[in-house]
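Chemist: Quick note: the sequence shown uses the working numbering, first residue 1, plus one each step. Below is a structure I'd like to ask you about.
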Amino acid sequence: MQIIHHLADMTRWSNEVIAGGKALALVPTMGYFHAGHLSLMRQAGRLADHVVVSLFVNSLQFGPREDLSRYPRDLQRDARLAENEKVDILFVPTSEEMYAPDFNTRVRVNGITDTLCGQQRPTHFEGVTTVVAKLFNIIKPHCAVFGQKDFQQLSVIRKMVRELNWDIEIFAHPIVREEDGLAMSSRNTYLSSEERSKALCLNKAIQHAKARFADGLDDSDLLISEIRDIISANSGVNIDYISVVDKDTLSDKEVIDSQSVLALAIKVGGTRLIDNCFMGSDSQISN
Ligand code: AMP
1 MQIIHHLADM
11 TRWSNEVIAG
21 GKALALVPTM
31 GYFHAGHLSL
41 MRQAGRLADH
51 VVVSLFVNSL
61 QFGPREDLSR
71 YPRDLQRDAR
81 LAENEKVDIL
91 FVPTSEEMYA
101 PDFNTRVRVN
111 GITDTLCGQQ
121 RPTHFEGVTT
131 VVAKLFNIIK
141 PHCAVFGQKD
151 FQQLSVIRKM
161 VRELNWDIEI
171 FAHPIVREED
181 GLAMSSRNTY
191 LSSEERSKAL
201 CLNKAIQHAK
211 ARFADGLDDS
221 DLLISEIRDI
231 ISANSGVNID
241 YISVVDKDTL
251 SDKEVIDSQS
261 VLALAIKVGG
271 TRLIDNCFMG
281 SDSQISN
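And the structure:
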């Protein structure tokens with residue numbers, strides 16, 4: 001595995017691979033790898049001849065009062081972990097090269113970025129779409145893998161790719177969880193052990209929702225109020241949103257069906273955590 005820092009070197013490498021007729025898969029990340037990231041890398045390895053993993057803590061997607069400066073970083077550890085996967089290039093650009101001092105372009109997907117996470121984090125998704133657009137142009141992948149953990153992000157990226165006519169196939173990877181059900185996240189490192197056990201209410205809520213839907217419950221207001229009770233039973237946990245939305249349009253659903261997604265965001269102490277589940281079969285996420 002090679003580590004590339006400069007944008008021009010990255011593009012040169014990609015151009016050679018593409019000229020040789022080989023397929024290239026990209027896994028964009030902010031690093032501090034966990035088993036979820038590694039699983040995305042393995043999926044990318046099955047999809048293409050070569051895998052590029054980008055590692056960039058993207059300042060544009062953090063709000064002014066968010067955790068940019070304390071976001072966990074450890075390049076040596078990440079390089080060791082990626083090395084064990086079928087990764088050809090770990091692309092680690094600098095902020096200076098990605099965003100020149102006069103950088104003033106944004107790629108923005110309207111509408112579906114106004115709800116869920118976009119409501120609390122108004123500039124978050126334009127930060128994501130701007131950096132992903134840049135990565136697509138620098139690396140020119142044939143496909144890219146994103147996690148369903150960030151379900152809204154996945155929908156936004158798919159819409160951007162479709163509407164900007166990029167010939168890049170977007171694949172979704174199911175949520176990778178710890179043994180006790182907590183969705184893996186680099187931000188879990190912020191949690192104290194007490195907070196970590198409180199955070200399990202997210203998975204408890206998801207299990208409850210799946211069981212209630214399987215039993216025939218289709219009233220989303222009722223389900224949301226039951227989930228509110230499960231989460232509120234934990235002191236120090238604040239609900240950002242509990243929503244049942246359509247998997248494509250992200251608009252609220254009154255009646256839950258197999259196209260619905262339960263999306264959750266909470267704050268445990270100072271740490272914001274998200275989770276979600278498809279009410280129908282998980283295989284829907286690939287399309
Ligand atoms: P991040 O480094 O947190 O920006 O995540 C990089 C990619 O990994 C994104 O596409 C995330 O959705 C995905 N990802 C993060 N955590 C998980 C997880 N627990 N399961 C599956 N994918 C994940």
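Ideal Cβ positions, reconstructed from N, Cα and C, are used throughout, including at glycine.
Which residue's Cα is closest to the Cα of L154: L7, V17, N15, V27?
Modeler: V27
Chemist: Near L81, which residues of its chain fall below 6 Å by C-beta distance, leaving aside the five closest residues on each side in sequence?
Modeler: F33
Chemist: In terms of residue numbering, what span does the beta strand (DSSP E) encompassing A263 cover?
Modeler: 260-268
Chemist: Quick one: Cα of N110 to Cα of K204, how far?
Modeler: Between N110 and K204, the C-alpha separation is close to 32 Å.
Chemist: Anyone know if the C-beta pair for I18 and K140 falls short of 8 Å?
Modeler: With respect to K140, I18 sits close: the two C-beta atoms are nearer than 8 Å.
Chemist: Measuring CB atoms only, is the region 1-15 touching the region 83-96, in the sense that at least three cross pairs come out at less than 8 Å?
Modeler: yes
Chemist: Nearest CA to the CA of K267: which residue from N238, D248, S258, D229?
Modeler: N238
Chemist: For the beta strand (DSSP E) containing Q2, list its first residue and its last residue.
Modeler: 2-4
Chemist: What are the boundary residues of the alpha helix (DSSP H) that E169 is part of?
Modeler: Counting along the chain, E169 falls outside any alpha helix (DSSP H), though it belongs to the beta strand (DSSP E) covering 169-173.
Chemist: I'd like the span of the alpha helix (DSSP H) that includes V156, first residue to last.
Modeler: 151-163
Chemist: Can you grab the Cα-Cα spacing for the pair E194 / G270, in whole Å?
Modeler: 13 Å
Chemist: Taking only the alpha-carbon atoms, compute the straight-line gap between S95 and L223 and give it to the nearest angstrom.
Modeler: 43 Å
Chemist: Pull up the distance between the alpha-carbon of L75 and that of L24, whole angstroms please.
Modeler: About 23 Å.
Chemist: Which residue marks the beginning of the alpha helix (DSSP H) containing N137, and which one marks its end?
Modeler: Segment 124-139, the alpha helix (DSSP H) holding N137.
Chemist: Would you report the Cα separation of H50 and A183, rounded to the nearest angstrom?
Modeler: 28 Å
Chemist: For the alpha helix (DSSP H) that N73 lies in, which residues bound it at each end?
Modeler: A small correction: the amino acid at residue 73 is Arg; Asn does not occupy that position in the sequence shown. It is not in any alpha helix (DSSP H) - R73 carries neither H nor E in the DSSP assignment.
Chemist: Measure how close the beta-carbons of N165 and C201 come, nearest whole angstrom, since I'm counting them as under 8 Å.
Modeler: Incorrect: roughly 42 Å between the Cβ atoms, too far for contact.
Chemist: So for A25, helix, strand or coil by DSSP?
Modeler: A25 falls in the strand class under three-state DSSP.
Chemist: Tell me whether S186, by its Cβ, gets closer than 7 Å to a heavy atom of ligand 1.
Modeler: yes
Chemist: Specify, as a first and last residue, the run of the alpha helix (DSSP H) that H208 falls within.
Modeler: 201-214
Chemist: Quickly, what does DSSP pair I89 with across the bridge? List them, please.
Modeler: Q2, V52
Chemist: Under 7 Å from any heavy atom of ligand 1, does the C-beta of H173 make it?
Modeler: For ligand 1, at least one heavy atom lies less than 7 Å from the Cβ of H173.
Chemist: Taking 7 Å as the cut-off, does the CB of M30 come closer than this to any heavy atom belonging to ligand 1?
Modeler: Checking the Cβ of M30 against ligand 1 gives yes.
Chemist: In this structure, how does DSSP classify L191 when only helix, strand and coil are distinguished?
Modeler: coil
Chemist: Rounding to the nearest angstrom, what Cα-Cα distance links E169 and G45 in this structure?
Modeler: 14 Å
Chemist: Could you spell out where the beta strand (DSSP E) holding T271 opens and where it closes?
Modeler: T271 -> beta strand (DSSP E) spans 271-278.
Chemist: Is V109 close to ligand 1? I mean its beta-carbon at under 7 Å from any heavy atom of the ligand.
Modeler: no
Chemist: Counting Cβ pairs closer than 8 Å, one from the region 100-109 and one from the region 61-75, do we hit at least three?
Modeler: no
Chemist: V145 bridges to which residues according to DSSP?
Modeler: F171
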